[in-house]
Amino acid sequence: MNILITGGPAYEPLDEVRTLTNCATGKTAVTLAKHFLKKGHKVWIFLGTLSKYSLSSQTNLVVERFGTNEELARLLEAAAKESSVEAVFHTAALCDFRVGQIWNQKGEPVPHRLKLPSQAVYHVELVPLPKVINRLADWFPGAMRVGWKFEVTGDRVSSLQRAVQQVVETRSHFCVLNGRGYGEGYGVVGPEGLRRHARDVQALAEILEDFLIHWGRPEDAIGNQDPERKPSC
Numbered sequence: 023m024n025i026l027i028t029g030g031p032a033y034e035p036l037d038e039v040r041t042l043t044n045c046a047t048g049k050t051a052v053t054l055a056k057h058f059l060k061k062g063h064k065v066w067i068f069l070g071t072l073s074k075y076s077l078s079s080q081t082n083l084v085v086e087r088f089g090t091n092e093e094l095a096r097l098l099e100a101a102a103k104e105s106s107v108e109a110v111f112h113t114a115a116l117c118d119f120r121v122g123q124i125w126n127q128k129g130e131p132v133p134h135r136l137k138l139p140s141q142a143v144y145h146v147e148l149v150p151l152p153k154v155i156n157r158l159a160d161w162f163p164g165a166m167r168v169g170w171k172f173e174v175t176g177d178r179v180s181s182l183q184r185a186v187q188q189v190v191e192t193r194s195h196f197c198v199l200n201g202r203g204y205g206e207g208y209g210v211v212g213p214e215g216l217r218r219h220a221r222d223v224q225a226l227a228e229i230l231e232d233f234l235i236h237w238g239r240p241e242d243a244i245g246n247q248d249p250e251r252k253p254s255c
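In this note's numbering, the protein residues as written are 23 to 255.
Encoded structure:
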């Protein structure tokens with residue numbers, strides 16, 4: 023099967039030399055890629071340029087790099103046009119905001135195409151970015167689409183509810199949930215709630231492979247979910 027995996031952090035420029043980014047490392051994406059390569063699948067992995075983990079060149083592997091959200095979006099759109107993809111695992115930690123206007127302490131706009139002087143205080147406008155995950159269903163309508171959600175607030179119940187919400191709103195099939203809000207390990211969440219729990223990334227890879235092997239059964243088709251059935255979070 024053809025598997026597409028995104029991973030690592032994106033960034034958005036603050037000025038010519040500084041960026042907004044996050045602490046994602048790319049480890050989850052690389053671990054998943056190694057698992058599916060070992061099982062004989064073909065893997066495309068799109069990794070953020072700031073990822074701490076990578077893969078060496080090998081048969082059945084295509085590695086591409088991205089910086090910003092938009093660069094990843096272009097890679098995904100191109101991949102959708104070039105080949106058939108059976109599964110998309112969107113583990114990448116993308117940016118929620120881009121830098122809009124920057125002002126100095128006097129409220130005057132400051133050009134930030136070049137490096138900002140480090141002696142001054144600035145007020146920075148953060149503008150919400152479109153969610154790349156919202157476009158996956160249009161690019162890969164026939165693929166099993168899995169998003170990721172890292173929750174650091176709330177409890178397990180509220181985290182599961184937010185994961186279900188992501189699945190529904192993004193037209194994904196599953197969401198992998200982890201973080202302090204969920205607790206130890208990973209939860210694989212569908213429209214109806216928690217489907218499976220994985221103790222670590224390797225166990226998660228095995229669960230996702232099992233779901234993919236059985237993909238296409240009526241109970242896994244999002245179009246066949248009973249709209250009156252409430253999520254079991």
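For each residue, glycine too, the CB sits at the ideal point set by N, CA and C. Bear in mind the structure is a predicted one, so any value in this text is a computation, not a measurement.
Under the Cβ criterion (8 Å, minimum of three pairs), the stretch 164-178 does not count as touching the stretch 137-153. With distances taken between CA atoms, W66 lies nearest to I27 out of V174, I27, P35 and F162. With a contact defined as Cβ atoms closer than 8 Å, A32 and L116 qualify at about 4 Å. When DSSP states are grouped into helix, strand and coil, E34 belongs to the strand group.
The beta carbons of V189 and G212 sit about 6 Å from each other, so the pair counts as a contact at 8 Å. In the DSSP assignment, I124 is bridged to V146. Segment contact: the stretch 68-79 against the stretch 197-206, fewer than three CB-CB distances shorter than 8 Å; contact not assigned. If you compare the alpha carbons of N200, Q123, F111 and I229 with that of D37, the shortest gap goes to Q123. Its chain contains I25, A165, M166 and L234 as the residues whose beta carbon lies nearer than 6 Å to that of A109, once the 5 sequence neighbours on both sides are disregarded; these appear in chain order. Straight across, the Cα-Cα distance linking F196 with V210 is about 6 Å. Taking C-alpha positions only, E231 is separated from V179 by approximately 26 Å. Annotated three-state conformation of N91 is helix, per DSSP. A distance of 8 Å or more separates the beta carbons of L94 and D118. Residue state for R221 is assigned as coil, using DSSP reduced to three classes. Between G129 and L148, the alpha-carbon positions lie close to 16 Å from each other.
Annotation: the continuous alpha helix (DSSP H) that includes F58 extends over K49 to K60.
Residue pairing by DSSP places K64 opposite N24 in a beta bridge.
Short of 7 Å from the beta carbon of K49, and not among the five residues preceding or following it, lie these beta carbons of its own chain, in chain order: Y75.
When secondary structure is reduced to three states using DSSP, N44 falls in the coil class, being assigned neither helix nor strand. In the DSSP assignment, W161 falls within the alpha helix (DSSP H) that extends over L158 to W161. With contacts defined by Cβ atoms closer than 8 Å, L69 and T43 do not form a contacting pair.
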